[in-house]
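Read the structure below first, then the notes.
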Amino acid sequence: MNVQARKHWKVIVPCLVVIAAMCVTVAYSPTLYRMFCAATGYGGTTQRVLSDTAAISPKTVLVDFDSNVAPGLPWRFEPVQREVTVHLGEQTLVYFTAENTGDEAMVGHATFNVTPQASGIYFNKIQCFCFNEERLEPHEKVKMPVVFYVDPAFGNDPDMRSVSTITLGYTFFRSAKPANAKDMSRFLANAAPDAAHGQALFAERCASCHALDRNKIGPMLEGVVGRPAGSAAGYDYSAALKNAGLVWSTDNLDRWLTNPRAFVPGAKMPVRVLDEPSRRDIVAYLQKVSQPRAGGS
Ligand code: HEC
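In this text, residue positions in the sequence shown follow numbering that gives the first Met the number 0: the first is 0, and each later residue adds one.
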């Protein structure tokens with residue numbers, strides 16, 4: 000290659016690389032846009048988080064709720080409360096009801112949106128029916144919990160200074176992929192505990208600090224049902240929990256998970272599970288792993 004040709008290639012090769020990169024970007028732009036929205040909250044997408052350890056701020060914001068059902072889904076869908084005032088960083092439990100007014104079981108999927116859109120980045124959902132495809136039996140009516148908190152950083156963002164109300168809106172659509180839907184009957188008051196679901200919740204919301212068979216940030220939990228509180232060998236408990244004089248019955252576990260630091264003042268577990276169906280399933284899982292294994296010792 001002569002000097003002239005080599006010079007040309009030095010220009011052409013980088014140009015081709017740039018063009019290829021642009022093509023890839025365009026081809027994947029819907030995916031990239033979705034990832035970008037999820038990461039930044041841009042477009043009113045809210046954040047999904049697994050548990051809340053954010054500090055609670057004295058500042059408050061009003062959160063109000065909006066619900067819609069798209070044509071083609073014979074459901075009634077409403078928030079139980081119109082609005083709540085929340086402290087930034089404080090986990091809050093609210094409810095929505097859904098009723099299938101039709102004669103056939105039907106699967107719906109809820110999309111959500113936060114306005115003003117820019118506040119979406121601060122809106123964190125821990126528990127929501129909108130994470131799944133949801134099946135309602137004919138004429139079944141359920142009360143669905145949503146647990147969320149507004150990030151304390153909302154209070155320090157100059158762009159949010161004029162925002163006094165955040166609106167959380169949901170629209171239920173008839174599902175396009177009903178095969179893997181979850182049954183909304185799990186939200187009925189008399190629903191049977193689901194240890195398998197409890198295991199999945201444990202993996203999401205407890206396993207960062209707890210294992211079944213060894214102490215981590217929190218004590219080991221195998222055998223916890225029926226065990227005196229503060230008694231796992233080799234774990235450094237708070238004095239409060241060690242001296243609480245409690246035995247972990249399923250009722251006490253339910254109260255602990257609702258609010259550990261209110262149940263045992265001075266205890267050092269920072270996590271709460273506000274909604275009853277999640278607590279019920281997690282406790283069912285703990286109970287299952289606390290039963291002596293057949294044939295084992
Ligand atoms: C951020 C870490 C963290 C997470 C997440 C966490 N825990 Fe804990 N947990 C702790 C700590 C720390 C203690 C010890 C508390 C003390 O000594 O006051 C504890 C104690 C407990 C105890 C008492 C055990 C005993 O031996 O007395 C139970 C039961 C428990 N956790 C269940 C759970 C469950 C169920 C979850 C999931 C929903 C969970 N924890 C999530 C940190 C955590």
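Backbone N, C-alpha and C define an ideal beta-carbon position, used for all residues, glycine too.
Tell me the residue span of the beta strand (DSSP E) that contains residue 97.
That run of the beta strand (DSSP E) goes 91-99.
Give every residue of the same chain whose Cβ lies closer than 7 Å to the Cβ of residue 240, excluding the five residues on either side of it in the sequence, and list them in chain order.
So the qualifying residues of the chain are 228, 229, 263, 266.
In three-state DSSP terms, what is residue 123?
Reduced to three states, the DSSP call for residue 123 is strand.
Which residues bound the beta strand (DSSP E) around residue 109?
It spans 105-114 - the beta strand (DSSP E) in which residue 109 sits, taken as one unbroken run.
If contacts are defined as beta-carbon pairs under 8 Å, then residue 268 and residue 217 qualify, I think. What distance do you get, rounded to the angstrom?
That pair is a contact at about 7 Å.
Assign residue 3 to one of three DSSP states: helix, strand, or coil.
Helix at residue 3.
Following a CB-centred definition, is residue 121 positioned closer than 7 Å to any heavy atom of ligand 1?
No, the beta carbon of residue 121 sits no closer than 7 Å to any heavy atom of ligand 1.
Does the distance between the C-beta of residue 266 and the nearest non-hydrogen atom of ligand 1 fall short of 7 Å?
It does: the Cβ of residue 266 is within 7 Å (strictly closer) of some heavy atom of ligand 1.
Tell me whether residue 207 counts as near ligand 1, meaning its Cβ is closer than 7 Å to at least one heavy atom of that ligand.
Checking the Cβ of residue 207 against ligand 1 gives yes.
Give the list of continuous alpha helix (DSSP H) stretches no shorter than 4 residues that lie fully inside the region 142-192.
The region 142-192 contains no whole alpha helix (DSSP H) run of 4 or more residues.
Apart from the five residues on each side of it in sequence, which residues of its chain come closer than 8 Å, Cβ to Cβ, to residue 29?
Because residue 29 sits at a pLDDT of 46, beneath the cut-off of 50, its placement in the model cannot be relied upon, and the following sentence gives the value as read from the coordinates. Excluding residues within five positions, none has a Cβ falling inside 8 Å.
If residue 86 and residue 55 are in contact, beta carbons under 8 Å, what's the gap, nearest whole angstrom?
At roughly 5 Å, the Cβ-Cβ gap stays under 8 Å, so residue 86 and residue 55 are in contact.
Can you tell me whether residue 255 is helix, strand or coil according to DSSP?
The answer is helix: DSSP assigns residue 255 an H, G or I state.
Could you work out which residue in 256, 101, 214, 206 is closest to residue 139 when comparing CA atoms only?
Among 256, 101, 214, 206, the Cα nearest to that of residue 139 is on 101.
At which residues does the alpha helix (DSSP H) containing residue 277 begin and terminate?
Per DSSP, residue 277 belongs to the alpha helix (DSSP H) from 275-287.
With a cut-off of 8 Å, do at least 3 Cβ pairs link the region 176-193 to the region 121-138?
Yes, since at least three Cβ pairs between the region 176-193 and the region 121-138 fall closer than 8 Å, the two stretches touch.
Is residue 134 near ligand 1, with its Cβ less than 7 Å from a heavy atom?
No, Cβ of residue 134 sits at least 7 Å from all heavy atoms of ligand 1.
Between which two residues does the alpha helix (DSSP H) containing residue 204 stretch?
It spans 194-204 - the alpha helix (DSSP H) in which residue 204 sits, taken as one unbroken run.
Cβ of residue 91 within 8 Å of Cβ of residue 147?
In this structure, residue 147 lies closer than 8 Å to residue 91 by Cβ.
Measure the alpha-carbon distance for residue 81 versus residue 163 and round it to whole angstroms.
Residue 81 and residue 163: Cα-Cα distance of roughly 15 Å.
Three-state secondary structure (DSSP) at residue 75?
Here residue 75 sits in strand by DSSP.
So the candidates are 175, 291, 282, 4; which of them puts its Cα closest to the Cα of residue 191?
The option with the nearest alpha carbon to residue 191 is 282.
For the beta strand (DSSP E) holding residue 240, just list the boundary residues, first then last.
Element bounds for residue 240: not the beta strand (DSSP E) but the alpha helix (DSSP H), 238-241.
If you draw a straight line from the alpha carbon of residue 115 to that of residue 149, how long is it in whole angstroms?
One C-alpha to the other measures close to 13 Å.
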